[in-house]
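So the mapping is simple: my numbering equals the position in the sequence shown, first residue as 1, plus 1493.
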Amino acid sequence: MVQTYWHIGKLIVEDEQNGNKKAQYGKKQLEHISKSLTQEFGKGFDTRNLRNMRQFYVVFPIWHSVNAKLNWTHYKRVMRIDNKKARQWYIDEAIANNWSARALDRQVNNLYYERLLSSKEKSIVIDEADRETDKLKIQPKDILRDPYIFDFLNLPSQSLLESNIEQSLIDNLQKFLLELGRGFAFVSRQKRLSVEDQDFYVDLVFYNYKLKCFLLIDLKLGKLTHQDVGQMDTYVRIYDKYEKDETDNPTIGLILSSEKSQAVAKYSVLSNSKQLFNSKYVPFLPTEEELRLELLRELEILKQEI
């Protein structure tokens, strides 16, 4: 996803440099692009984020200078650091110490780099920074993503069935774990939950050693429904009662759907639950050339409307 955001920023800058900046390139163009990308790929492409993507490319014009070990939230924070040496130092430290985006933000706000440079007792500053990081309790939202990119599956459109996607994710488990993020370990597939006179089956079960909890995943084709949310809520409640250990944190459930529903998200337990989440999955992402042509097409449409 970081790479995609970088390419979008590159295309916006190139479009400006081709003369569109003088042709009132601004809010209306970005709103049009935002609407198109959001319809295609889900959230993450609002106009504010598009401006961040543009700034991302300006700050990191060479793709090889971007480290994939950090996520988009990390880069949005370091982009605001004007001092290039300080910016690179925070990037290196975040990677070396596996800082979450919140931990990185805390260290930047506390002027960790500046205090370390000016202090004669560097070990004291380092110990203090470590204590500050330990205070931050990692939340599921710090680790879960939206959307998830399954471009490594290489599934043709006619094969996009829930069972085929599930099988392909298992066949590409290492890449799937990388897409899930840090700290995940595979536990089970089609996990059977037997309660009284009924059996339930969870598509995929993982464990996250950072959150110290189980993650249940259900794959859904099409738009998210209230039934999907109710089903996952049932799975999580059963797993908490019969499967997790007393030393584990509460189980979290993630519904991966090919389409999201604002109504379901707003008027279901998803709206305030700390254990249930919904993310969109995308089976593929366009190439840089496809993105460029799509953005140019949208801009041409917009110019005709002005």
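Where is the CB? At the ideal position from N, CA and C, for every residue including glycine.
Point to revise | Cα-Cα separation, V1729 to G1537 | key: 27 Å
Exercise for review: Check the DSSP bridge columns for S1681 and list the partner residues they point to.
Suggested key: V1698
Practice item. Return the chain-ordered list of same chain residues with a C-beta closer than 8 Å to the C-beta of W1499, the five sequence neighbours on each side being excluded. Key: M1546, F1549, Y1550, F1553, W1556, V1559
Check your understanding: What are the boundary residues of the alpha helix (DSSP H) that K1753 is part of?
Key -> No alpha helix (DSSP H) contains K1753, which DSSP labels as neither H nor E.
Check your understanding: Are three or more beta carbon pairs between the region 1594–1609 and the region 1660–1677 nearer than 8 Å?
Key -> no
Practice item. Indicate whether V1722 and L1769 have their beta-carbon atoms separated by less than 8 Å. Key: yes
Review point. Can the beta-carbon of F1693 be found less than 8 Å from the beta-carbon of I1731?
Key: yes
Review point. Cα separation between S1529 and K1753?
Key: 16 Å
Review point. Between the Cα of S1772 and the Cα atoms of V1571, N1542, P1633, which residue gives the shortest distance?
Key: P1633
Exercise for review: Could you have a look at Y1774 and say whether DSSP puts it in helix, strand or coil?
Suggested key: strand
Point to revise | Contact check, R1570 vs D1539, beta carbons under 8 Å | key: no
Exercise for review: Measure how close the beta-carbons of I1748 and K1703 come, nearest whole angstrom, since I'm counting them as under 8 Å.
Suggested key: Not quite, the Cβ-Cβ distance comes to about 21 Å (not below 8 Å), so this is no contact.
Check your understanding: Does the distance from the C-beta atom of L1714 to that of V1757 stay below 8 Å?
Key -> no
Check your understanding: Whose C-beta lies closer than 7 Å to the C-beta of K1668 among residues of the same chain, with five residues either side of it excluded?
Key -> F1645
Practice item. Examine chain D for any beta-carbon lying closer than 8 Å to the beta-carbon of I1588, and answer yes or no. Key: In summary, chain D is missing from the structure at hand, where a single protein chain is found.
Practice item. Would you kindly report the start and end of the unbroken beta strand (DSSP E) that includes L1709? Key: 1706–1716
Review point. Hey, T1744 and L1709 are a contact pair by Cβ (cut 8 Å); roughly how many whole angstroms apart?
Key: 6 Å
Check your understanding: Does the Cβ-Cβ distance between Y1568 and I1574 come in under 8 Å?
Key -> no
Check your understanding: Can you name, in chain order, every residue of its own chain whose Cβ lies under 6 Å from the Cβ of I1501, other than the five neighbours on each side?
Key -> M1546
Review point. CA-CA distance, Y1774 and Y1760?
Key: 22 Å
Exercise for review: Following the continuous alpha helix (DSSP H) through M1546, name the residue where it begins and the one where it ends.
Suggested key: 1540–1552
Point to revise | Beta-carbon spacing of I1663, R1682 below 8 Å | key: yes
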